[in-house]
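Peer 1:
2 protein chains.
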Amino acid sequence: MTKRITTIKEMQEITTTLKLKGNTIGFVPTMGALHDGHLTLLRRAKSENDISVASVFVNPLQFGPDEDYEDYPRQIEIDEQLLIDNGIDYLFYPSAEEMYPTVPMTIHVGEMASVLEGAKRPGHFDGVVMVVNKLFNIVQPDRAYFGKKDAQQLAIIEAMVKLFNHNLEVIGIDIVRENDGLAKSSRNVYLTEDERLEAVALFESLKEANKAFQNGERNAEKLQSIVINYLIEHTKGKIDEVAVYAYPELKPVDTITGQVFISIAVKYSKARLIDNIILKDERND
Amino acid sequence: MTKRITTIKEMQEITTTLKLKGNTIGFVPTMGALHDGHLTLLRRAKSENDISVASVFVNPLQFGPDEDYEDYPRQIEIDEQLLIDNGIDYLFYPSAEEMYPTVPMTIHVGEMASVLEGAKRPGHFDGVVMVVNKLFNIVQPDRAYFGKKDAQQLAIIEAMVKLFNHNLEVIGIDIVRENDGLAKSSRNVYLTEDERLEAVALFESLKEANKAFQNGERNAEKLQSIVINYLIEHTKGKIDEVAVYAYPELKPVDTITGQVFISIAVKYSKARLIDNIILKDERND
Chain A
106 MTKRITTIKE
116 MQEITTTLKL
126 KGNTIGFVPT
136 MGALHDGHLT
146 LLRRAKSEND
156 ISVASVFVNP
166 LQFGPDEDYE
176 DYPRQIEIDE
186 QLLIDNGIDY
196 LFYPSAEEMY
206 PTVPMTIHVG
216 EMASVLEGAK
226 RPGHFDGVVM
236 VVNKLFNIVQ
246 PDRAYFGKKD
256 AQQLAIIEAM
266 VKLFNHNLEV
276 IGIDIVREND
286 GLAKSSRNVY
296 LTEDERLEAV
306 ALFESLKEAN
316 KAFQNGERNA
326 EKLQSIVINY
336 LIEHTKGKID
346 EVAVYAYPEL
356 KPVDTITGQV
366 FISIAVKYSK
376 ARLIDNIILK
386 DERND
Chain B
106 MTKRITTIKE
116 MQEITTTLKL
126 KGNTIGFVPT
136 MGALHDGHLT
146 LLRRAKSEND
156 ISVASVFVNP
166 LQFGPDEDYE
176 DYPRQIEIDE
186 QLLIDNGIDY
196 LFYPSAEEMY
206 PTVPMTIHVG
216 EMASVLEGAK
226 RPGHFDGVVM
236 VVNKLFNIVQ
246 PDRAYFGKKD
256 AQQLAIIEAM
266 VKLFNHNLEV
276 IGIDIVREND
286 GLAKSSRNVY
296 LTEDERLEAV
306 ALFESLKEAN
316 KAFQNGERNA
326 EKLQSIVINY
336 LIEHTKGKID
346 EVAVYAYPEL
356 KPVDTITGQV
366 FISIAVKYSK
376 ARLIDNIILK
386 DERND
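In order, the protein sequence lines correspond to chains A and B. Each residue of the first sequence is one higher than the one before, counting from 106 in this note's numbering. Each residue of the second sequence is one higher than the one before, counting from 106 in this note's numbering.
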């Protein structure tokens, strides 16, 4: 049975005691409205650690003034049942007042937040880093799990853990896909039948880029063209973004020397789909 | 024998193992050039915990561009001998490159850093909070010791620990004084014989304010006047600052309702002396 904890003090006392007894703790921070992606992370957290903890907290600090903080989906009873069904040991579910009685100092992410999602949502990653920093100190996990679908978030969290010296391992989990390769998303149901068939082009275009990369293509603009051309040819969806950045630095690149990350967004009639791939030289593995 | 550790990884592994075995860790972060004040903190850290750790790190982030980062006194061999003499278990002595290979995000202290020392040194407390945050995650102490001589720093560290939910207790240690009450300082040797005799007026003026406070005086301006008048009467040193702030909020006050903090600075011919007192209603203790 999943235990629901609502105060920082109790959560921290529980994890302190558990760690003192030698237990490892696996942690999945979420904003609730749990879906397949979260469940994949949760199952990994459970299987790789003695104790599994999920947090559900809609973090006001990561929403801009014009964003949907108030309207963000909240369904704690459904979420809790999913955690119970998956055998998660603890649900940390604090109030905003518990987490932020006052905010006398802030964290500011530099250049890594100046591209992609970060460019569109000023201050968003500052809020993400603050809440994850707090949650790490409260839950004290040995391993924390994040999806690679939010690759920029993952890179920024990894940079935070390194800079702040959190004593834990960040584990990035591959994007969960349908059988034909389409990244799972709650938005996929908004696709028409034709769009659903075409939408496989997103992942296919990334695989084309990966093929070229593995064959030695190191020109970022060329890889971008490969993706764009594939998408134009294989789907009528409107290309919203095809971006290539060094990963995990999130810096623009011309000639790729290390890892690179290609992020795409395509707009269909009623859904904007995203996907990404991290390309690394497989010969060095 | 004090063990000198220079890498984050090794220090963190050591404290992780020690904690897993049930040891409590007492920690004193310093910039080296250890004096009586530090030794008082270190002795407390040693006596109250199973393991004692001191860090010596001149933190570049807390120095402004025109400040004395390069010229700050460095005397690691002398410091290490003092730690050995006092039976401290570990000296954490990392390089600036080890601590800050990159700085992809920053911490900004808000209003609490806009007064006193913080007002004179923009960015100073941002750097302090960053390094202490890192050191807490590396050393993982149960108790961390700071002197009340830096009362603003202590208040800001306490606010950080509360906001970031570090799992430890911050312990503020009373100012160490000479027999006549003068706060110990390496700068006291720069006083002439007459100045040295007069310098007791700093603490005496604060005691006068405390006397009035305990007798019910709650007007901040009146307390400030008591200090100023006492200083004018009892020393020829030039009054540089007499400030009254709510503590630990560090906000200006007219009528005092909770704790208050009086900070003074007096300039003598070759030394600027500082002192402070935190006034709290002793009837509530």
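Cβ atoms here follow ideal geometry from the backbone N, Cα and C, with glycine treated the same way. It should be emphasised that the depicted structure is a prediction, and the values quoted were computed from it without experimental measurement.
1) Since I believe I243/A is in contact with I113/A (beta carbons under 8 Å), could you give me their beta-carbon distance rounded to a whole number of angstroms?
2) Report the three-state DSSP secondary structure of D390/A (helix, strand or coil).
3) For G131/B, tell me which candidate among L240/B, E313/B, D279/B has the shortest Cα-Cα distance.
4) To the nearest angstrom, how far is it from the Cα of G228/B to the Cα of S219/B?
5) According to DSSP, simplified to helix, strand and coil, what is Y350/B?
6) Would I367/B and L311/B be called neighbours here (beta carbons separated by less than 8 Å)?
7) P209/A: which of K385/B, V266/B, A348/B sits nearest, CA to CA?
8) Quick one, which of N284/B, Y250/B, L268/B has its alpha-carbon nearest I278/B's?
9) Express the C-alpha separation of I262/B and D190/B in angstroms, rounding to a whole number.
10) Check distances from the C-beta atoms of the stretch 259-293 of chain B to those of chain A and list, in chain order, the residues that come in under 7 Å.
11) How would you call P353/B, buried or exposed, if buried means at least 16 neighbouring beta carbons within 10 angstroms?
12) Does any residue of chain A have a CB that is nearer than 8 Å to the CB of G215/B?
13) What residue does the beta strand (DSSP E) around R282/B start on, and which one ends it?
14) Quick check: what's the CA-CA separation for T145/A versus G215/B?
15) Please list the residues of the stretch 126-156 of chain A that have a C-beta atom closer than 8 Å to any C-beta atom in chain B, keeping them in chain order.
16) For M210/A, go through chain B and note every residue whose CB falls closer than 9 Å to its CB, in chain order.
17) Return the residue from the list Q117/B, T129/B, I382/B, L188/B that minimises the CA-CA distance to K108/B.
18) Would you say A348/B and L221/B are within 8 Å of each other, going by their C-beta atoms?
19) Give the interface partners of Q117/B over in chain A, defined as CB-CB distance under 9 Å, in chain order.
20) Any contact of the stretch 122-142 of chain A with the stretch 152-165 of chain A, i.e. 3+ C-beta pairs under 8 Å?
21) Return no unless some Cβ of chain B is closer than 8 Å to the Cβ of Q167/A.
22) Compare the C-beta of Q257/A with all C-beta atoms of chain B and state if any pair is closer than 8 Å.
23) Could you check whether T111/B and Y198/B sit closer than 8 Å to each other, using their CB atoms as the reference points?
24) Going by beta carbon distance, what residues of the same chain come within less than 7 Å of K341/A, once the five residues before and after it are set aside?
25) Straight-line CA distance for T121/B to Y177/A?
26) With DSSP as the reference, label P165/B as helix, strand or coil.
27) May I ask whether a heavy atom of the ligand SAM can be found less than 7 Å away from the beta carbon of N284/A?
28) Can you name the start and end residues of the beta strand (DSSP E) that A249/B belongs to?
Peer 2: Result, derived from the coordinates:
1) Within the first sequence, the letter at position 8 stands for residue 113/A. Within the first sequence, the letter at position 138 stands for residue 243/A. Sure, about 5 Å apart at Cβ, within 8 Å.
2) Reading the first sequence from its first residue, position 285 is the one you call residue 390/A. At D390/A, the pLDDT of 49 sits below 50, so the modelled position is not reliable and the matter cannot be decided from this model.
3) Reading the second sequence from its first residue, position 26 is the one you call residue 131/B. The candidate whose alpha carbon is nearest that of G131/B is L240/B.
4) Counting from 1 along the second sequence, the entry for residue 228/B is found at position 123. Counting from 1 along the second sequence, the entry for residue 219/B is found at position 114. Their Cα atoms are separated by approximately 10 Å.
5) On the second sequence, position 245 is the one that residue 350/B refers to. Residue state, collapsed to three classes: strand.
6) By one-based count along the second sequence, residue 367/B stands at place 262. By one-based count along the second sequence, residue 311/B stands at place 206. Yes, the Cβ-Cβ distance between I367/B and L311/B is below 8 Å.
7) Indexing the first sequence from 1 puts residue 209/A at position 104. That would be V266/B, whose Cα lies nearest to the Cα of P209/A.
8) Taking the second sequence and counting its residues from 1, the one referred to as residue 278/B is at position 173. Measuring from the Cα of I278/B, the nearest candidate turns out to be Y250/B.
9) Numbered from its first residue, the second sequence carries residue 190/B at position 85. Numbered from its first residue, the second sequence carries residue 262/B at position 157. Their backbone Cα atoms lie some 28 Å apart in a straight line.
10) A264, M265, L268, F269, N270, H271, N272
11) Counted from its first residue, the second sequence places residue 353/B at position 248. When all chains shown are included, P353/B counts as buried.
12) In the second sequence, residue 215/B corresponds to position 110, counting from 1. So yes, G215/B belongs to the interface.
13) Position 177 of the second sequence holds residue 282/B. Here R282/B belongs to no beta strand (DSSP E), and DSSP marks it neither H nor E.
14) Counting from one through the first sequence, the residue named residue 145/A turns up at place 40. Counting from one through the second sequence, the residue named residue 215/B turns up at place 110. Distance between the alpha carbons of T145/A and G215/B: 39 Å.
15) From the stretch 126-156 of chain A, only G127 have a Cβ closer than 8 Å to chain B.
16) For the purposes of this step, residue 210/A is taken as the residue at position 105 of the first sequence. Those within 9 Å of M210/A in chain B are I212, H213, V214, G215, M217, A218, F230, D231, V234, I261, A264, M265, L268, F269.
17) Within the second sequence, residue 108/B is the residue found at index 3, counting from 1. Answer by Cα proximity: L188/B.
18) Walking along the second sequence from the start, residue 348/B turns up at place 243. Walking along the second sequence from the start, residue 221/B turns up at place 116. Against a cut-off of 8 Å, the Cβ pair of L221/B and A348/B comes out as a contact.
19) Counted from its first residue, the second sequence places residue 117/B at position 12. Correct list: N270, N272.
20) yes
21) On the first sequence, position 62 is the one that residue 167/A refers to. Q167/A does not count as touching chain B.
22) Taking the first residue of the first sequence as position 1, residue 257/A is located at position 152. False, the Cβ-Cβ gap to chain B never drops below 8 Å.
23) The residue labelled residue 198/B in the question sits at position 93 within the second sequence. The residue labelled residue 111/B in the question sits at position 6 within the second sequence. In contact: Y198/B and T111/B (Cβ atoms closer than 8 Å).
24) Numbered from 1 along the first sequence, position 236 holds the residue referred to as residue 341/A. Closer than 7 Å at Cβ, skipping near neighbours: E303.
25) As a position in the second sequence, residue 121/B is number 16, starting the count at 1. As a position in the first sequence, residue 177/A is number 72, starting the count at 1. One C-alpha to the other measures close to 38 Å.
26) Taking the first residue of the second sequence as 1, we reach residue 165/B at position 60. Helix.
27) Summarising the ligand content, the structure contains no ligands, and the ligand SAM is consequently not present.
28) Locating residue 249/B in the second sequence gives position 144, where the first residue counts as 1. Segment 248-252, the beta strand (DSSP E) holding A249/B.
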